[in-house]
Every structure is written in structure tokens, then in C-alpha cells.
Amino acid sequence: MTAFSDHIVFVDESGDHGLTGIDPQFPVFALAFCVLRKEDYITQVTPAFQRFKFEFFGHDEVILHEHEIRKQQQPFTFLRADPALRGRFMGGISDLIAEAPFEIIASVIDKPRLVDRYPNPWNPYEIALRFCMERLLHLLRRNGQAGRLTHVCFESRGAKEDGELELEFRRICANGARWGWNAPDFSDMSFEPLFTPKASNSVGLQMADLVARPIALNTMRPGQPNRAFETLSPKLRVTKVFP
648 MTAFSDHIVF VDESGDHGLT GIDPQFPVFA LAFCVLRKED YITQVTPAFQ
698 RFKFEFFGHD EVILHEHEIR KQQQPFTFLR ADPALRGRFM GGISDLIAEA
748 PFEIIASVID KPRLVDRYPN PWNPYEIALR FCMERLLHLL RRNGQAGRLT
798 HVCFESRGAK EDGELELEFR RICANGARWG WNAPDFSDMS FEPLFTPKAS
848 NSVGLQMADL VARPIALNTM RPGQPNRAFE TLSPKLRVTK VFP
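Converting from the sequence shown to this note's numbering requires adding 647 to each position, the first position being numbered 1.
Right under this line is the structure:
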């Protein structure tokens with residue numbers, strides 16, 4: 648039987664990875680890996696998210712999506728009418744992140760600088776994925792997970808994009824995309840990508856969705872108040888900004 652890792656990883660991004668028509672208001676692409684011990688995910692993180700949903704919605708079928716919360720779109724339109732309720736809700740979101748035992752590995756790609764520096768730049772998603780996978784490799788090795796299979800969960804973006812991402816993921820894990828003078832060796836680790844529809848209501852993917860944008864904003868405007876980033880910053884093990 649396969650020896651499974653004690654850890655599971657959930658991934659989400661903020662910003663788009665296109666290099667044409669770059670949005671001057673959001674010119675970066677951020678990728679965040681949330682790394683959790685499975686025991687913590689089962690016994691602490693998932694129950695906390697479920698309790699939060701039952702408190703504010705009366706059921707646990709709602710999906711906590713950062714964009715819809717920020718824009719107060721359905722099913723979060725109730726936040727518009729009552730400032731006190733909105734404050735309690737947002738405070739609850741902060742508590743979910745602050746109290747959850749997990750680690751974050753992130754990479755932020757500055758797209759204008761990437762285009763300026765390289766005549767034929769790689770896709771920002773692939774660059775960020777490579778940086779994050781390298782650091783995930785080191786983290787899991789330190790935690791004694793060599794030789795075990797670790798699942799890395801992505802939100803599905805459609806068959807074509809999922810296929811392209813899986814190809815790059817497996818290329819990295821097979822040491823087929825090594826670059827730099829000190830490229831790490833993945834041969835003693837096993838990784839398997841999972842592509843999960845948003846409708847699956849994965850708690851881990853919702854957590855990753857909630858942390859990606861604050862990391863991107865902090866990179867773009869480090870001096871600007873960012874409560875969400877302050878909440879998650881103790882969990883950040885590394886943020887690789889490139890170039």
C-alpha cells in the first residue's frame with residue numbers, strides 16, 4: 648500500500664497570469680500553498696469552518712470565496728445592511744485564519760518587471776509553481792515526509808488549463824524543469840496533483856482562496872494597512888517575489 652504523507656497542500660492564486668494587457672491596478676500574479684497536517688485539518692480546521700458557516704448561514708453549503716465576500720455579492724449581500732454584523736463576520740474570518748495550524752509558501756510574480764527583463768518570459772503561473780514546489784519540497788523533507796506521497800490540491804480551472812498545469816507539475820516533480828545553479832532534486836519525494844471543482848466546497852481550497860490576495864496586495868503596497876495580511880503573516884514561511 649502507498650505510504651501517504653502526514654500533510655496535505657491546498658493551492659490558490661490571485662491575479663491573472665497573462666502577460667498582455669496587464670492591469671496597472673493589479674500587475675502581479677500570486678500563488679499560495681497552504682500546508683497542513685492532516686490530523687489538524689480533520690480535527691481543528693474543518694470543524695472550525697463548519698461552525699462558522701452554521702453560525703452565519705444556518706448550513707454549511709456556502710463557499711467562502713474572497714472575491715464575493717469583498718464585493719458583498721450573493722450569498723454575502725446580508726453584510727451590506729448591518730455594519731455590526733459585517734464586523735463580526737469579518738472578525739470571524741480573521742479568527743479562522745489566525746487560529747488554524749498551517750504554513751504558507753507563496754510566490755508573487757511582478758509581471759511588468761518580468762516582461763521588461765526577459766524577451767520571452769515563461770508563464771507566471773509556471774514560474775510561481777516552480778518556486779513554491781521547491782520550497783514545499785524542503786519543508787516536507789524537514790518534516791520527515793521523504794518517500795511518502797503528498798497530494799497537492801488545486802481548484803479546477805477547466806480541462807485545458809488543468810491539463811497544462813498538470814503537465815508542468817509533473818515535469819517539475821520529474822526533475823525535467825530544473826533551472827538555476829542550485830536546482831533541488833525531487834527524486835526522493837512523491838507528489839500527486841488533484842484538480843477539484845469549486846462546487847466541492849473544499850475547506851482547504853477556501854482557506855487558500857482567503858490568503859492569496861492579501862499576500863499579493865502586501866507585495867504591491869507594503870506600506871498600506873492590510874489587516875488580512877497581518878493575520879496570516881505569522882504563518883508565512885517564505886514569499887518569493889520574482890523578478
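In this text, a Cβ means the ideal position worked out from N, Cα and C, and glycines have one as well.
query	result
Counting Cβ pairs, one atom from each stretch, are 3 or more of them under 8 Å apart for the stretch 877-890 and the stretch 749-758?	yes
Applying the criterion that 16 or more other CB atoms from any shown protein chain within 10 Å of the CB defines a buried residue, is residue 854 buried or exposed?	buried
Report the option in 714, 696, 761 and 713 whose CA atom is closest to the CA atom of residue 706.	696
Helix, strand or coil for residue 741 per DSSP?	helix
When the Cα atoms are used, what is the spatial distance from residue 859 to residue 679?	5 Å
For residue 889, which option in 658, 775, 856 and 693 has the closest C-alpha, if you only look at C-alpha atoms?	775
Quick one: using the 10 Å Cβ neighbour count with 16 as the cut-off for buried, is residue 832 buried or exposed?	exposed
Kindly provide the ranges of any alpha helix (DSSP H) runs that are 4 or more residues long and lie completely inside the stretch 758-838, ordered along the chain.	758-764, 771-789 and 806-820
For the stretch 788-806 and the stretch 835-852, state whether three or more C-beta atom pairs, one from each stretch, are separated by less than 8 Å.	yes
Please say whether residue 849 and residue 703 have beta carbons closer to each other than 9 Å?	no
Taking the alpha-carbon positions, what's the residue 819 to residue 786 distance?	16 Å
Contact check, residue 807 vs residue 675 under 8 Å by CB: the rounded distance?	Between residue 675 and residue 807 the Cβ distance is about 24 Å, and since that is not below 8 Å, they are no contact.
Please report the distance separating the alpha-carbon of residue 709 from that of residue 722.	8 Å
Could you name each continuous beta strand (DSSP E) segment of 3 residues or more that falls completely within the stretch 701-746, going from the start of the chain to the end?	none
Can you round the beta-carbon distance between residue 755 and residue 677 to whole angstroms, since I take them to be within the 8 Å contact cut?	5 Å
Could you round the C-beta distance between residue 851 and residue 655 to whole angstroms and report it? I think they count as a contact, below 8 Å.	7 Å
Rounded to whole angstroms, what is the Cα-Cα separation between residue 667 and residue 789?	39 Å
Taking only runs that begin and end inside the stretch 836-870, name each unbroken beta strand (DSSP E) of 3 or more residues, in chain order.	837-843
With DSSP as the reference, please indicate the residues paired to residue 664 in a beta bridge.	In the DSSP output, where bridge partners are listed per residue, residue 664 has none listed.
By alpha-carbon positions, which one of 743, 837 and 769 ends up nearest to residue 780?	837
Classify residue 765 as buried or exposed, calling it buried when 16 or more other Cβ atoms lie within 10 Å of its own Cβ.	exposed
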